[in-house]
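S.K.: Next up is a structure, given as structure tokens.
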Amino acid sequence: MEKTSIVGKLQDLVISTTEGNINTTIARVLLKKVGHDAPDITIESLADECFTSTASISRFSKKIGYSKFSDMKQAFIEYQSDTAKFINKNNFELTIGEADSERSLSHYIQKIAHSFLSLEENLDLTQIDALCRRIHNTEDVYFFGTHSSGLLLEQFQYQLFSCGKYVTYFNGRMNQRKAFQQITKNSLVIILSTDGNYFLKFSDLLFDLSSKDNYTVLITQNIQMRIANIFDEVLYLGQSSIKKAAPYQAQLLIDILYSRYYHLYS
């Protein structure tokens, strides 16, 4: 079962709760503290900031799945620590502000350009057109992806709307988990996961999905992962020497898919 992060729980609560509700207020205040020092948060200071009582903060903690405020605070601290590790690992491939910043930027852009060339080398327009045809001809089409991949799929969803094609995409992990359970027979399921992290959250549902009468497509840069074998089709984004190139490759592939779909069916 997926373990939702505290930030995911707070976001889901903000989306699903009526504006002005005290729980919405508490959730919004906590979300604004994501980039600040979580150890400094006390139940008293949070209650004061939300114009409520410490008892309301305790009830809120239990509402989102924690036995007490200190457990919720610890989850917040752990989220900040995990996020910092992720950023340090992935987001320093481009460093601007040093003496050789122009050279650093040029080197970074060259790596992005090389990743585009790798995508081009692995691109099969016949496969692209076949997928566009499948999107067009299938009654129920579902998109799945989170973070930057999710933003690209949401963009593609709206583009297809403009062409008269309805596709289903729900933002947020919990909404996507529910959508997985609602997939009808003979649907087309397209998952965009540039590095494969999506499957850490949804592997149980994916294996169940593969046993049903649906056509499944994976778009990824990481074709070495074993779970790729359960898909009917894989679109390879190509190689890159830096992790940050993958979202650029995915954006280009989505642009190509939309361009071909528009040309064929609009």
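In my numbering, the protein residues as written are -4 to 261.
Glycine is no exception: its CB is placed at the ideal position from the N, C-alpha and C atoms.
(1) For the beta strand (DSSP E) that Y210 lies in, which residues bound it at each end?
(2) Would you be able to state if there are at least three C-beta pairs under 8 Å between the region 70 to 79 and the region 29 to 40?
(3) Starting from L230, trace the alpha helix (DSSP H) in both directions and tell me its first and last residue.
(4) Along the chain, where does the beta strand (DSSP E) containing Y137 start, and where does it finish?
(5) Taking the straight line between their C-alpha atoms, what separation do you get for R54 and A108?
(6) Classify I185 as helix, strand or coil using the three-state DSSP reduction.
(7) With burial defined as no fewer than 16 other Cβ atoms inside 10 Å of the residue's Cβ, what is the status of F139: buried or exposed?
(8) By alpha-carbon positions, which one of Q244, L187, N117, M67 ends up nearest to Y137?
(9) I need the DSSP call for T49, collapsed to helix, strand or coil.
(10) For S113, I'd like the list of residues in its chain whose CB is within less than 6 Å of its CB, leaving aside the five on either flank, ordered along the chain.
(11) Which value, in whole angstroms, describes the spacing of the CA atoms of S184 and H102?
(12) Starting from A241, trace the alpha helix (DSSP H) in both directions and tell me its first and last residue.
(13) If I'm right that D208 touches N170 with Cβ under 8 Å, what's the distance once you round it to whole angstroms?
(14) Roughly how far, in whole angstroms, is the beta-carbon of D124 from the beta-carbon of L259, given that I think they are within contact range, below 8 Å?
(15) If you follow the alpha helix (DSSP H) that G145 is part of, which residue opens it and which one closes it?
(16) Measuring alpha carbon to alpha carbon, tell me which of Y257, T215, F156 ends up nearest Y243.
M.R.: On the basis of the data shown:
(1) Residue numbering aside, residue 210 sits at position 215 when the sequence shown is read from its first letter. Start and end: 210 to 215.
(2) Between the region 29 to 40 and the region 70 to 79, the count of C-beta pairs closer than 8 Å reaches three or more; the two stretches touch.
(3) As a working note, residue 230 is residue 235 in the sequence shown. Not the alpha helix (DSSP H): L230 falls in the beta strand (DSSP E), residues 228 to 231.
(4) Start at 1 with the first residue of the sequence shown, and residue 137 comes out as number 142. Unbroken beta strand (DSSP E) run through Y137: 136 to 139.
(5) For this step, residue 54 is matched to residue 59 along the sequence shown. For this step, residue 108 is matched to residue 113 along the sequence shown. Put simply, the backbone Cα of R54 is about 52 Å away from that of A108.
(6) Position 190 of the sequence shown holds residue 185. If DSSP states are grouped into helix, strand and coil, I185 belongs with the strands.
(7) To locate residue 139, count along the sequence shown from 1; it is residue 144. Per the 10 Å Cβ criterion, buried.
(8) Mapped onto the sequence shown, residue 137 falls at position 142. The option with the nearest alpha carbon to Y137 is L187.
(9) Translated into positions along the sequence shown, residue 49 becomes position 54. DSSP places T49 in helix when its eight states are reduced to three.
(10) In the sequence shown, counting from the first residue as 1, residue 113 sits at position 118. The answer, listed in chain order, is G233, Q234.
(11) Taking the sequence shown and counting its residues from 1, the one referred to as residue 184 is at position 189. Taking the sequence shown and counting its residues from 1, the one referred to as residue 102 is at position 107. For clarity, residue 184 is Val in the given sequence; the question names Ser instead. Computed Cα separation, rounded: 37 Å.
(12) For the purposes of this step, residue 241 is taken as residue 246 along the sequence shown, with counting starting at 1. A241 -> alpha helix (DSSP H) spans 240 to 260.
(13) For the purposes of this step, residue 208 is taken as the residue at position 213 of the sequence shown. For the purposes of this step, residue 170 is taken as the residue at position 175 of the sequence shown. At roughly 24 Å, the Cβ-Cβ gap does not stay under 8 Å, so D208 and N170 are not in contact.
(14) Walking along the sequence shown from the start, residue 124 turns up at place 129. Walking along the sequence shown from the start, residue 259 turns up at place 264. Contact holds; Cβ gap of about 7 Å.
(15) One-based indexing of the sequence shown puts residue 145 at position 150. First-last of the alpha helix (DSSP H) with G145: 142 to 157.
(16) Numbered from its first residue, the sequence shown carries residue 243 at position 248. For Y243, the nearest C-alpha among the options comes from T215.
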